[in-house]
Structure formats: structure tokens, C-alpha cells
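The listed protein sequences correspond, in order, to chains Y, C, E, L and W.
Counting from 1, one number per residue, gives the positions in the first sequence under this note's numbering.
Counting from 320, one number per residue, gives the positions in the second sequence under this note's numbering.
Counting from 629, one number per residue, gives the positions in the third sequence under this note's numbering.
Counting from 772, one number per residue, gives the positions in the fourth sequence under this note's numbering.
Counting from 1425, one number per residue, gives the positions in the fifth sequence under this note's numbering.
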Amino acid sequence: MTDREEKISELIKNELNNVDFFIAYGRGYDPIHVKPLFVYEEKDLDDLVMNIFCVHNNASYLKTVKDKKVGIVVKGCDSRAVVQLIQEGLINRDNLRIIGIPCTGVISIKKLKEKMDISRVTEAKVESDSVIIKTSDEEKRFEKDDLLADKCLWCQYPTPVIYDHLVGETIEPSRPKELEYKIVEEMEKEDLNVRFEYWNKELSRCIRCYACRNVCPMCVCQDQCVMESRNPHWISLKSNITEKVMIQLIHAIHLAGRCVSCGECERVCPMDIPIFKIKQKMNQIVEELFDYKAGIDLEATPPLYTFQVEEAKIKEREW
Amino acid sequence: MSKLSFAYYPGCSLESSAKEYDVSTRKVADILKVELIEIPDWSCCGASPAHTVDHLFASAVAARNLAIVEEMGRDTLVTPCPECLSAFKKAIYNMSKDDGFKKKVNSLLDKPFNLNVEAKSFLQILYEDVGKENISKKVIKPLIGVNIVPYYGCLLTRPPDVAQFDDPENPISMDTILETIGANVPYFSYKLECCGAAYGVTKRRIVTKLSGDILKTAIESGADAVAVACPLCQQNLDLRQDQINRDQGFDFHIPILYITQLMGLSFGLSASELMIDKHNVKSDHFLEKIEKGLKEKEKSEKESISSKN
Amino acid sequence: MAEEKKEAKIVGFLCNWCSYGGADTAGVSRFKQPTDLRIIRVPCSGRVDPLFVVKALESGADGVLVSGCHPRDCHYSEGNFYARRRLEVLKRFLPFMGIDPNRFEYTWVSASEGQRWQQVVTKFTEQIHNLGPAPKREEKSDR
Amino acid sequence: MRIGVFICHCGSNIAGTVDVKKVAEEAKRFPHVVYSTDYMYTCSEPGQLEIQEAIKKEKLDGVVVASCSPRMHENTFRRTVEKAGLNRYMFEMANIREHVSWVGVDKEANTKKAIDLVRMAVAKVTLNQPLFPKSFKVNKNVLVIGGGVAGMQAALDCADGGLKVILVEKNPSIGGKMAKLDKTFPTIDCSICILGPKMVDVGQHENIKLYTYSEIEEISGYVGNYEVKIRKKATYVDWTKCTGCGLCMEKCPSKKAFDPFNEGIAPTTAINIPFPQAIPKKAKIDPNYCRQFIKGKCGVCAKICPVQAIDYEMQDEIVTEKVGAIIVATGYSLFDHTKIKEYGAGKYLDVITSIQYERLLNASGPTSGHILRPSDNKEPKTIVFVACVGSRDKSLGVPYCSNFCCMYIAKQAILTKDHIPDSQSYVFYMDIRAPGKGYEEFVRRAQEEYGVKYIRGRVSRIFKRGDKMVVRGSDTLLGTQVELEADLVVLATGAIAEEGARELAEKLRISYDPYGFYIESHPKLRPVETNTAGVFLAGACQGPKDIPASVGQGSAAASKVLSLFSKDLLESDPQIAHVNEMLCVDCKKCIQTCPYGAIEEKKTPMGKIVASVIETVCQGCGLCTATCPPGAIQLQQFTDNQLLAEVKAFFHA
Amino acid sequence: MALINLTTSTDENFVNQVETLSGQKISECYQCGKCTAGCPFSFAFDYPVSQIMRLIQIGQKEIVLNSKAIWLCATCEACTTRCPCQIDVANVMDICRIIARKENKVKEKDVKLFYDIFLESVKKHGRIFEIEILMKYNLKSGKLLTDADLGPKILPKGKLNFFPVNIKGKDSVEKIFTRFVEGIKNNE
């Protein structure tokens, strides 16, 4: 166990009396796969890890435990989901104990997979700016930045925005903000019809597994979600391209002004559909129009649930 | 004020029967530092005769000149003559309203006109671009003690959609200039009544009736002279004044002067420089009255200074 | 010629109090309009979930129009303020998905503005005709 | 379901440009449609009977009528189906008149569009649910806005009928335009003599609460339960103390104040009672002219007021009143003749307006009823009246006829002759419009008995010649130009909408025409109602009209209110939001956005926390439905599924 | 005035022709007479301008085209400026002149003659040559003494040119004339 893991364990141990359980990170089936760790008692802490492979947003579980007292370990990006949930009154701050972890980035397994066969990883470690992955056959060394998740490359919130305990020193943001909407801007260089066909192609792969929605920390409807209840009749059971597009449009619109850019939707997509782009476009629009970013300010209101009589940035329609 | 410079269109009358308007315009412009560059090889605007043939034809005759201005790299054509002004403004107005019309007009021309030029009267330049402050700076012999009524004629402000200048029912641009150069401007209800225009040759009786009414009203208003801005109006009121007297039984001898001539006088130019002696009706009495007014003013000023001392 | 006469599929969501009334006023005044538009009456532009626009477009609409009371004149005082935010976001979002934003407009027409309604319908229908029929989605497979 | 479809011809209104038979035929093929027919006038009694018979015979449980706008006849047909035993909400309309036959020229395209609209209506009605209204208590006070003759009549009729009336007038006194007039046509009654007693009645009626010098600030609520905020403008005189003795007016040193009552032809004092018969007869200070306000010192009125009513520190005050209905009687304004440059743009003293002339004729006016022209106070001998100044003039944006000018010109010409027997009046007119009882005879009398010379033609220009005004016009009957040298010219300025009419309409949520006059529910059959329930119109705010028409409308509006208030309870619209508790995830978005605060949280018997709609507060806007992510809260009659069904019916035809 | 048989003399084509060429809606005129009231030439017209408008409304082509009024209108624009129906009346008069010219129905021959000579001068020189115009007019109209009294008044002033100014691009002006005439021929 690293020092940091020791400290986290200690804090959780002390907090266990105040909560029903704690959500942290635990060892997975190999060194590069981490799983969420639900700590009910001290011995559950044996599996605790805190490293560069702790990719999950633990806040995704909060929506299922509405009235319970829960502890949670969050990175900077994860913490924005916690703030947004509290802001919308979907969870109660008083029921929460939060351990914040300053973070310099997590590994995108998808990127790693493109560079090497990861079916038999035996060891993984970080040495300053390098990541070393050993398998039974080989040992590979990568520039850390080449493996980081996209969202880490423009991260403006390396330190959690909300916590009860902070483990480690506050980290100042050092990544360039300009990169934030780069994936969106790249896309917009293409013509409309190219974009149209791009999404037809990408979304054709969708298998309607709803993993993107299930993992989304802000999707609080769960079983009542219109995608599954199909009442109201926004969507049918058919597995055709229009319905697949519709799924993403519903998700994007329901998240407009609420999405905290954690990127979990795309990370968990088994078909590798680049759906985070869609969310980022919506986030860009919301930021442009309302100077608003979700999950930062506990007192704010999501911009689509409020209004200004005179909108500063919406022109009176010429129409 | 940055130096004003315009493409200048004198028009046929101004190089012939209304030469004094051209001369006085150029002199006044010179004093006011307004550069007037004569449009090379300009042709007749077409005037009303062209409009009785066809609007397309009339626009083409006018637009030939506008196309030359475009070629000069200028954006404003300035002319002292309201008749020419109206021909240009109508051409521009009709061509910009209807693209098909514009194309047809250009098909009659050697060089097309692409609507990058607007037309303005010299009066508009004086009133809007130069302004009364700058005019008043040049006044050295104010026209004190004379009553002058401004006669605008029909076309300087009408129709308002096309003319886009001054008030179509009660224009004040010449009034303002006359006041600026020191004259007294009495109430005059015939500022805009038509003088009979080009019917002087063909329908003399009409012109002498209409122009006679204008002169009568001017004299009833106490005018010593009438200020005009149109060569046709000047001709009807001045050259035909004897015909008016004969036809209508009047005995009028009222000088009809171009606004530019009056300005020139106030700027210290002599009557002969301004070709005031080339008019039919003599201005001697009027000019004497100005001199008298000036002397009286000087005298009273001296008295007031000495009384203060 | 028959091709030219082909109608576009256009649907309009109009608030009952202003724009639907404005369309009625246009009718009463016999202000002639293109015939492509089908109007769905809603109580308020605030009732128009952006998903209706999306659903219509995905169902094959060539154009979608939403019209409500002018801002500050909402019958329910605030509905169109929400609509304005939500529909503006949607309008900016559609092109990212490859949908021409000109296929969707939102506007404000009051019950008395019959002439304005005529102009809106005419202009929008013209705009949609200029865009032509909306592209159809087709399933794409890598394999 | 068993749905019946009824396609209306509306005479040729629809059938002229829509193939109604074909629409009815097509409708038979729509799902659930078991009966479809067309009829000449579906809204007529036999038309309605046919629907009722079909409901019984065909056992219909849903009805679609394709005809005019639902804003026109939805209620008519809802009552129809209800009488046949169907729930009134199991009914939908397809608007194939205003939205189809009247706006499209191509019959084929119109027919196609009508078929689509019917299909969409059928698809919607399939998902309709029976709804049942609840009733609520009515506040039986009525607000009357405007204290002119129409508003006064409406207020008196309501008050006599036992209702409490709140009368709000923006001027310091009630009376309106009529109080300024000298005589009225065609009887030459003294205007203030017949109006004065009515004004006193209003002032003294126990059921009328008068707010003069007050304006409407804000209106909220709905029929039966309006809340009105009224701004009482500062008068700087405590009206509870002021006795209207007039001493302040005698002593006020600022004697050049603009006198709106006399239309500016003579000045008044800065503190003034607008006119002798004013109700309430109270003084007010015009701070634009009062020396205390301009120079900071004077205080004469405060010193001499016997009851110490002067209060220079007074501020506007906002009061709130609750009412159940509103009568709008805000009247009209007069065209600003200074916009007409060829008539001198207001710079000739002896070119005046008709209303100014009324004040010159009036015995209590500034000239004590002697006609003296403003420039030199001489008696004019030649008087020229110019009709249609700011009426029937497209170039000035007033293409409509102002209705009453022809009559008051005749009246003024007659009175002129009475005042100055050796005078001669001329009238430039385009047409004489005298359709009222005794009106035509009156105009003839002006010409035959009083020798008024009527000249058919417009005036081109008015200018000065010596001390005369030259009027140059034409006599189109002769086909000549004519000129008159007048001592006085009277311009019959037309009626335009009252300043602020549009702003008030926005507050009331009623509609207005391009000129700012309010639009009635139906131009023929509902002339005093508006499309906002509980708001009624009276007088010239709806369009130029003369005194008898205004009084008639005042009474009509009052009777509408009395009939509305004859019930103690009104039915609330059941088209409100409803929560599906199974689907609600308690995300609180609806509570956050509801404009009325009509949604609260509640615990179900199962212990689940869900949103819950307060039925009497919900106004049915549907914002919550558009906001709810799982679609748990649905606006009845406009549910997501109903609207989606309409969309689907169009695109998957 | 003679009886007008509306059944036989109403020419709807003429109404349409005037409306198309002028871009004005003649039916909008409600005969208020404001144009006549302000027209400086009313005294000299055979039909006042409002009656010309009325005659056009009821399709009286012959009367309109044969009227003196249309040739005596000087386009002073007072009517257009003041028309409450926003009709460009002066333009309508202008169009009537054009139609009359095309149909060879010109009541005021002298006016047309003067215009023709004026335009001839433009065509020939590019600009007008005043003395030539006057002399030609006197000769062709047979009114040899027109303005003879003005000669002694103006000639000694030395303002009038005794020779025409021929501009360099006069052929480009002439081409406007020829192209226009060709255009008409081609259309026919």
C-alpha cells in the first residue's frame, strides 16, 4: 500500500461510523483494471487502491443511494458530479462524507489497448512522466500524456471542488483550457453532410445497451428513463438508426446544462462510439450562451431551468 | 474638416445660358475648400424630354455619366442643377429598386453603371457637408439690410423618397444659408410652387402666369431679391421677367440671383466676378442697398465703441 | 413542373394564445400562404420540449417551426423565456449532428400579427424549399 | 375506440377551396374512425344535432370536427358532444378554415393539408381522456379602466346591479373627451349638462370606488380572481383634505402652465382644478410648472390653503385591488396634425384642431364661448373646416375612417353661424358619412338652413397671406382648383388609439389591431368580449365611435359582467398538469420551473416522494411537462403522447 | 362632356398597361382631389390630374392619351409628394406621355416637337446646343417669333455658345439611342 492509500484507508476507517458504507477504488482482475470498492467494514479496505488506473466516476453510484448516508472517494472531475447532484437537490450534502483526491490524470485503457496487447498484464507502474506496463512477454514504456484520457489533457479541476478531507496537496490546473472543445472544433471543420454521415456510421454500431446512460452520474431517472419505459412515446423498441440517434439526442438534451464532462458515457461504451463529443458540444453551447459550467457552484441553477428577461447572449430573433 | 472633394457635373445650361451659376459655384467651392473635379466628357442628363420617351432610355442617358464617375473612383456626383440632379436620382432610384431594370439599362450602355455612386445637389453639399459654421467663417461682407426670399423650385426636395433632402413641404436649407450670410429672410409661401419649368418656349403663357405669381408673392413678402438654385427657374424669373410684366400686367424689376452668387458677394467677391451683371434684371439697386447696410452697420459699431469709450 | 409543386413536410408548434391566434388572424384577413405547414396547437411555447423538434426532424420533417408570444408577453408570463433558452441551445446544437440549423426556426408572433405570420410562413417555407428534402438516415455498417 | 369525423363546409368558406367530400371520404380510412361525414354548417343547430345523433347511433366515444379555429367554436362543440352524453374533452378540432381554406389558393394542396390535419386530430383524440372540471369561487368586484362616458356608463350599470366597482381614470377628473365638448350632435344638447349629472352619480355612488389620476401598474390572475396593482400618481395635494375651494388657483403665481383640458389654447395655473364640474373636484400640482418644484421656493399654495392639504413631498402610491372581471374603456386620442407639413405642421396660430375649437365654442372655455382666433383675438368671419386630417390617409398610417368627424364638423359649422351670424363656413370633405339616426338630416340642415358651403375635395396646402390663411384645395365636382382666404382654419383631426393602449393590452393579455385599437372576440357576435376570459371592452378603445355607441357598449359590457357574476362559482379548466406517480423520480425540475408555484412534493402511501399539482393554482401552461425528463408530469389534453401522436400522424401517413 | 359609353369604351388593358409600366395601383385612388388642389398647372389642363386618374380607372384610354394635360404636366412632383394613397401620380402622368408617344397620339404637338429637337441635339452632340434647339423649334413649329424678344436680352451677355460642344464620347451617347430603338424593334 502506498502512503496515499494508507491515508485514505485511515480516513475511511474513522468515517465508517458516520456512514452506511463508503465508495472507494479496489483492486481488479489485473494491475490495470480497477473496480469500485464498496467498504462496509474495515476488512473491505484490504483491496483498496488509489492510482492512475482509478478511472471510474464513483459519483455515478450516488443516484442509487439517495437517502442513505454514504462516503465517497472522488477525483477532481468526479467531484463536479457531486456538486451538481447536491445543487439540483438530488442528494443531500448532510448525508455525504467526501474524501477528495487531487489528481494529475487517469489512463485511458482504450488508448493503451491501441498500443499493445493488454490481455496478460502482470505489472504496471508510473515513473515520473512514464508509464511502464509489463506482460508475460514484454515490457513497454509510454509517455504518460500519450495514455491519459482526453478529459485529463484539458483538466481545469485537478483538485476536487468539494470534499471533507483532502488527501494530498492541492494541485493548480496546468493543462491548456483551449483544448477543452478541440474534439468539437475538429468535427465542425467538416461539412454538414459529412457530420450527418459520420454520426450515422458511428451510431449504427449502437447496440442499445444503455451503458452510457447507466453510468452517467446525472441520469437520475433510472428505470423510469423514457428510453426504456417508452412512455411517453419518444422512442420505440426498434433497433434502427433513427432510434439510436434519438437515444443520444435525448441524453444530450436531458443533460444540457447539467453534464459535468466526466466522460464516463464514452468510456463505458462497448462499441467505442465517440459520444462524449456530443456532450462536449452541448457543454460548449451552454458555456457560450450562459457563461455556465455544471458542477462548480452549489448555489447555481442549471441554465435551462431558469431564465433572464433580457438574455445577454441570445439575440431577439430576426424571424 | 477634412478636405471635401467631389465629381462635378455642371450640366448643359451651366456651360451656356447659366454660365454665371457655374462660375459662381466654382468660386464659392474654391473659397470653401471644396474640390470639384469636372467629370471628363460628361453628356446631357436627358432631362424631362428623355422621360417622355421611356424610363429605361432616360435612365441610360443619365447613367452614362454615373458610370464615368464610377470609373473616376468617386462615390458622389455633385451638380448645381436640380433638373440634372433629378434625372440622376431617378436613374439611381429605379435601378436600385429593380435588378431587371438595372440590367436593361446597362445593356444600352457601353460601360455599365453598378450603383456605386450617389447624386447630390451642390446646395446639399453646402448645407450638409460644409455646414453653416464653415460658411459663416468666410463671410466678410454680410448682406445686411436686404430681404431675400429663397425660391427652391420643385425638384430639390421632391418626391421625398427620391430626393432624400430637406423638408419636402417647408425646406430650410437656403433659408439657413441666407441667414448665415447676413440676409434677412422674410416668410415666403411660394418657396416650392412651380415656375413653369421648360414650358417657356412652348407654352409661354403658362410660365408667365406661374412665374408671375411667384414674383408677386415675393414682392408682397418685401423681398429685395429672390435667391434660386436652378438655372431653369432663374431663366423663367429673370430673363422672362419682361414677358411676365407684359403678359400679366405687372411692372416688376426684382433681381433673381443664384444662391452661390449671393454667397460669393458675402465672401467679398465682386458682382462682375460673379457675373451678376450678366442677368437680365439689373441688380444695381440691390447691390447699393447691401453697401448701404454695411456702412450703417460699421457706423453703428463705431458709435457703440466710441460711446463705450 | 410536378416536381416543383411537391410540398415540403413542415410542422409548426404554435402557442394557443399568441401565434395560433396570429395564424387565425392571418386566415381571417385572407393573407395567402404556402400550404406546406401543418400546425400543432400547444398552450405555450414553454410546452415545446426541444425533443418534439428533434422527434419531428427524425421522423422525416423537412422543417420545424416553433412560434410563441413575444418575450415579455407570454400568456403564462414566463413560458417563452424558458422556450427561448432551450430552443436557442437546440438550434446551435443541431448542426453538430449534421442537421441543417435552417430546418428549425423559432419565432414570436402575437395574436394580432396576422401579416407577420404570413411573412414567417412564407419565408420559412421558401427556406425549406431552398434546402430541399431532408436527408434520410441510413444504417451504416463497417462490415 | 369509435371515432366520428365531421367536416364542415362553412358554406363556401371551406368548401370553396377544399374538397370536403374527399376529406370526409379519406377520414373513413383512419384508425378508429367509424363514421365520417360532411355538412354545410356544422355549427348550426341541425349540424350539431347530426353530431349528437351520430354519437348515439354509432356509439361514438370520440369526435373530431374539422371546421374553423378552435379559438372560435371549441366550446360550442364541446357542449354539443356533452349534451349527447360524451365527456366534453373527448373532442378535437381540425382548423381547416383559418389555417387552410382562407390562406391557401390551390384546392388540391388545401385538400391534402385538410386531410393531414384531420388525421392528426383523429390521432390526438384517440388519446384524449375524459376530464372533469372543478369549481372555484368568484370575486364579484369589477374593475373599470377609463372614466370617459363609456367607462362611466359601465361603472354605473355594474354598481346599480349591486357589484362593487373600482374605477381607474388616468386624468385628475372623470368625464373623458365628452366633458370637453360644447354641444353634441345631432340634438345640440349641452354636452356637460347631460354628462355632469352622470359624473356626480359616479362620484357619489356607494358601490363605486374612484381612483382618478391613477394608472394600471400590473394585472395578474384569471377570470374570477384578478389582482390589480394601481399606481396613484402624486398630486401633491392631500385629497382627503382638499375641499376644491379653488383659493390656491387664485393665488398661484405660475400662470403659464399647459392646460390639457383646454387643449393648450389657453394656459392655466400650476396648481389647478381641471374644470368647474370636475369629479372629484380636487386640486393637483403640475410639477413641470410649479415654482416650488422648478426653483425650490414659492410655497404660496401651502401657505394659503385653508385646510393645509398641500404636500410637496407626496410620492406615487401603489395600491392593490382584487376583482373578478375587468372592463376596458380607455377611449381614444387625436391625430397629431403637426405631422402634416403642408398644413403648416402646427406653426400657424390660426390653424387649430376641432377639439381646440370645441373649447373656443364652450361657454366655460378660455374665451367664455366667444369665437376669437388665437393670433389676434379677433372674431373670424370666414372659417374653413378641413375633414379627414389624419383619417383615411394611408400615407400617414391611418387608412381607416374616424367615424364621427363628419358629424362634429356639421355641428361646429352650425354653432359657428349661431355664434357669429355674419360668418361664412366652408367644409372641405371627401365623403359625408352620416348613417346614424337623424344624422343625415342634421348635415343637410347645416347646408340648407345655416348656409355652410361644402366643397368636395381635399386641401393640398395651407399658407399665410397677410393676416389671412390661404386654403388651397380642389372642388372635384367642378374639376377645378379652389382657394379660400380664411380667418380661421379648423382641422378635423382623426381618432387614433390612446397613447399607452398597446402597453395596457400587454398587461391585460388582450390583442390589438395594427393601429392599437383593441380586438373584440368576434366582430359581429361578441363585440364587447375579448379573447381573455373576464376582460370586456367598451367605447372607442375598440375603434372610433360616437357617444351613443360608446354608451351602448358601456352598458353591454356591464351586462356581460353581471351575467358572468350571476353564478357564485365558476368552473375551473381541467386541462391542467397531472403527475404519474410511478414515473416521477422526484428530480424537482418541475417545481423549480413552474411559473405559478403550483407544484409541491408529497409522500405517496408507499412512502415514495413525488411531485403533486395544486389543481386550483395550475394554469395549464405545460412548462413542467416540457421539463420533466421521465415524462411523469403530463398536461392533460396536451400530453407528450398526444402531441407525438399528431407528429406521427403527419409523418407516417 | 360627351356621353361616355362605358360598355364599349372601357379598356381594361389600358388600365393594366398603366399599372404595369408605372408600378402604381390606380384603383387605390379614391378621388380626393388633393393632387388637383396642389397642381400648379391645373388652370391650364383640359382635365385636372385627379380626373386623369379617374379616367384611367375606368379605362378611358382615348380621352387620356388625347388629353393636353399629360403633356402640360411638368413633373413638379407636388401630387406625388402629397398623395394620401401614396400613388406616384407624376410617374403615372409620365407613363401616359410615353404611351401616347408610342401610339402617336400627341395633343400638344409643340411640346413633343420641342422634346424631340432637344433629344436630337443630345444625340448629335452629346450635350444640348441651346441656340440650335431654339432655331430649329421656331422653324419646325412655324412659330418663327418664339422668344424673339429674348434674343437682344441674352445675346449681348456673351453666355450662349454659337457653336455646339461636341463631346468626345458622343457616339457612346448616340449608341444609347440606337440600341434603345433596336431593342424596341426586336421586341416587336
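The beta-carbon is built from N, C-alpha and C at its ideal position, and this holds for glycine as well.
Given the structure is predicted, the values throughout are model-derived calculations rather than measurements.
For residue 1229/L, three-class secondary structure by DSSP
coil
On a Cα-Cα basis, can you pick out the residue from 958/L, 894/L, 900/L, 970/L that is closest to residue 922/L?
970/L
Of the residues 713/E, 678/E, 664/E, 654/E, which one's Cα is nearest the Cα of residue 312/Y?
713/E
Close Cβ partners of residue 53/Y (< 6 angstroms) along its chain, the five nearest in sequence each way excluded
32, 34, 107
Mind checking residue 1407/L: buried by the 16 CB within 10 Å criterion, or exposed?
buried
Sequence-distant residues of the same chain with beta carbon closer than 6 angstroms to residue 364/C, five excluded per side
381, 403, 406
Answer yes or no: does any C-beta atom of chain L fall closer than 8 angstroms to that of residue 1468/W?
no
With DSSP as the reference, identify every bridge partner of residue 807/L, one or two as the case may be.
776/L
Cβ pair residue 804/L, residue 829/L closer than 8 angstroms:
no
Along chain E, which residues have their Cβ under 8 angstroms away from the Cβ of residue 307/Y?
706, 709, 710, 712, 713
For chain L, find out if any of its Cβ atoms is closer than 8 angstroms to the Cβ of residue 489/C; answer yes or no.
yes
Assuming residue 1538/W is part of the alpha helix (DSSP H), what are its boundary residues?
1533–1549
Residue 1480/W versus 1584/W, 1523/W, 1458/W, residue with shortest Cα-Cα distance
1523/W
Pull up the CB-CB distance for residue 832/L and residue 773/L, whole angstroms please, since I reckon it's below 8 angstroms.
5 angstroms
Can at least three beta-carbon pairs, one atom from the segment 332–342 of chain C and one from the segment 300–311 of chain Y, be found at a separation below 8 angstroms?
no
Kindly list the residues whose CB is nearer than 8 angstroms to the CB of residue 822/L, restricted to its own chain and excluding five residues on each side of it in sequence; keep chain order.
775, 777, 813, 834, 836, 848, 851, 852, 855
Within 8 angstroms of chain Y by C-beta, residues of the segment 723–751 of chain E in sequence order
723, 724, 725, 726, 727, 728, 733, 734, 735, 736, 748, 751
Would you mind listing the beta strand (DSSP E) stretches within the segment 1127–1209 of chain L that are 3+ residues and don't spill past its ends, in chain order?
1153–1160, 1195–1200
Would a check of beta-carbon distances place residue 195/Y closer than 8 angstroms to chain E?
yes
Determine which residues of the segment 1347–1359 of chain L have a Cβ less than 7 angstroms from any Cβ of chain Y, and write them out in chain order.
1354, 1356, 1358, 1359
So residue 1597/W is in the alpha helix (DSSP H); what residue range does that whole segment cover?
1594–1611
Quick check on DSSP: helix, strand or coil for residue 1410/L?
coil
Hey, is residue 757/E's beta-carbon within less than 8 angstroms of any beta-carbon in chain L?
no
Counting only Cβ pairs nearer than 8 angstroms, list the residues of chain L close to residue 215/Y.
Correct list: empty, because the minimum Cβ distance to chain L is about 17 angstroms.
Give the DSSP bridge partners of residue 466/C, in chain order.
503/C
Going along the segment 668–693 of chain E in order, which residues come within less than 7 angstroms of chain Y, judged by CB to CB distance?
678, 679, 682, 683, 686
Cutting at 6 angstroms between CB atoms, please list the residues of its own chain near residue 1499/W, excluding the five before and the five after it.
1514
Contact with chain Y by residue 717/E, beta-carbon distance below 8 angstroms
yes
Mind checking whether residue 1050/L and residue 1072/L have CB atoms under 8 angstroms apart?
no
When you check each C-beta in the segment 1214–1234 of chain L against every C-beta of chain W, which residues fall closer than 9 angstroms?
1227, 1228, 1229, 1230, 1231, 1232
Which residues in the same chain have their Cβ closer than 6 angstroms to the Cβ of residue 393/C, if we skip the five residues on either side of it in sequence?
326
Whole-angstrom Cβ separation of residue 1425/W and residue 1450/W, contact assumed at under 8 angstroms?
That belief does not hold up - the Cβ atoms of residue 1425/W and residue 1450/W are roughly 21 angstroms apart, past 8 angstroms.
Among 1331/L, 1403/L, 1165/L, 1029/L, nearest to residue 1362/L - alpha-carbon criterion:
1403/L
Considering just the uninterrupted stretch of the beta strand (DSSP E) at residue 122/Y, what are its terminal residues?
121–127
Reference residue 1068/L, options 1078/L, 863/L, 1083/L, closest by Cα:
1083/L
In angstroms, rounded to a whole number, what distance separates the CA positions of residue 587/C and residue 611/C?
15 angstroms
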